[in-house]
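Here's the structure we're looking at; comments come further down.
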Amino acid sequence: MRLIHLGEVDSTQNYIKLHPELSPRTAVLASRQTAGRGRLGRSFASPENLGMYLSVVLPPDTQNITPIAAVAGRKALARAQVDCGIKWVNDLVVERGGAFRKLCGILAELSGGRLILGVGIDIGQRERDFPPELRPICTSVALEGGRTVTPREMAEIFLEELDRTLALDADALYDEYSAHCVTIGRAVEVKRVPSDPGRPAVAVALDRDFAVEVAYPDGEREVVFSGEASLRLG
Ligand code: BTN
Numbered sequence: 001m002r003l004i005h006l007g008e009v010d011s012t013q014n015y016i017k018l019h020p021e022l023s024p025r026t027a028v029l030a031s032r033q034t035a036g037r038g039r040l041g042r043s044f045a046s047p048e049n050l051g052m053y054l055s056v057v058l059p060p061d062t063q064n065i066t067p068i069a070a071v072a073g074r075k076a077l078a079r080a081q082v083d084c085g086i087k088w089v090n091d092l093v094v095e096r097g098g099a100f101r102k103l104c105g106i107l108a109e110l111s112g113g114r115l116i117l118g119v120g121i122d123i124g125q126r127e128r129d130f131p132p133e134l135r136p137i138c139t140s141v142a143l144e145g146g147r148t149v150t151p152r153e154m155a156e157i158f159l160e161e162l163d164r165t166l167a168l169d170a171d172a173l174y175d176e177y178s179a180h181c182v183t184i185g186r187a188v189e190v191k192r193v194p195s196d197p198g199r200p201a202v203a204v205a206l207d208r209d210f211a212v213e214v215a216y217p218d219g220e221r222e223v224v225f226s227g228e229a230s231l232r233l234g
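Here the sequence shown is numbered in the numbering used here, starting from 1 and rising by one per residue.
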């Protein structure tokens, strides 16, 4: 992979969209984003040099990119001595005191015939670096006692792991993802849209397409696909 390292951008996702000449296997890392974007229209706080803000151009027909990125991110974090779980479908989390805290988010977008994979990893943040409302639910490599890594080193490690994970066959990817998915077997709330109050359920199984089967208290079962609903760990 080719890595371009920029200083400040609004969002590395937007930067790639504005540069159609950037071809697959090109990655863009920014030291700071002024308008980092998350899923579902949320923003992604991107303070200077405290996190890895990386977008990667991939061919548009790449299958299962979100699970692939989650597995690669987990392995990259393990190399920084942080053991994390995958919260379906696209967050990497660490369990502390019975609650899950997020330290990596993944956003995949199709644009202009390219797949743009965005990955944000919180690395150097201390508690005070997160906005007060995020402090109970976020963490970072530093807060988890991981080894000291720069965002650039983390990007290089992540890209190595991404290449390895892209080469896995479907069974190996499923095994790796499901072995670390913390959602299965837990109480969840199924939300169709962000304003949805959420319907309580239990996540009972992960199918081969990475959809989750949920069971509601009245016995009804449903298969939930990513992009269609989110599962809040209850
Ligand atoms: C999420 O948690 O909902 C996804 C967060 C994705 C953040 C990354 S940081 C690099 C890339 N540029 C962006 O604006 N977003 C992604």
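Even glycine gets a Cβ: it sits at the ideal position worked out from N, Cα and C.
- In the three-state DSSP reduction, residue 5 falls in the strand class (E or B).
- Chain-ordered, the residues whose CB falls short of 6 Å from any heavy atom of the ligand BTN come out as 11, 12, 13, 33, 36, 37, 38, 39, 42, 44, 53, 54, 55, 105, 106, 107, 118, 119 and 120.
- One thing to note: residue 87 has its Cβ no nearer than 8 Å to the Cβ of residue 94.
- If you draw a 10 Å sphere on the C-beta of residue 169, you find fewer than 16 other C-beta atoms in it, and that means exposed.
- The alpha-carbon of residue 110 is positioned some 21 Å away from that of residue 167.
- Annotation for residue 171: the continuous alpha helix (DSSP H) segment containing it runs 170 to 180.
- With a cut-off of 8 Å on Cβ pairs, the stretch 22 to 37 is not in contact with the stretch 125 to 137, counting fewer than three such pairs.
- Residue pairing for residue 111: DSSP places it in a beta bridge opposite 114.
- Straight-line measurement puts the Cα of residue 198 at about 8 Å from the Cα of residue 192.
- DSSP places residue 89 in the coil class of the three-state scheme, outside both helix and strand.
- By DSSP's assignment, residue 120 forms a beta bridge with 53 and 105.
- Comparing C-alpha distances from residue 26 to each of 36, 56 and 17 shows the shortest one belongs to 56.
- Collapsing the DSSP output to three states places residue 141 in coil.
- Non-local beta-carbon contacts of residue 186 in its own chain, meaning distances under 8 Å to residues more than five positions away in sequence, involve 202, 203, 233 and 234 in chain order.
- For residue 67, the enclosing alpha helix (DSSP H) has its first and last residue at 65 to 79.
- The same chain holds no residue with a CB closer than 7 Å to that of residue 171 once the five nearest residues on each side in sequence are set aside.
- Counted as a single uninterrupted DSSP element, the alpha helix (DSSP H) harbouring residue 155 occupies residues 151 to 166.
- The residue from 90, 143, 205 and 62 with its alpha-carbon nearest to that of residue 96 is 143.
- Under the DSSP definition of a beta bridge, residue 199 partners with 190.
- Residue 117 is a Cβ neighbour of residue 65, given a cutoff of 8 Å.
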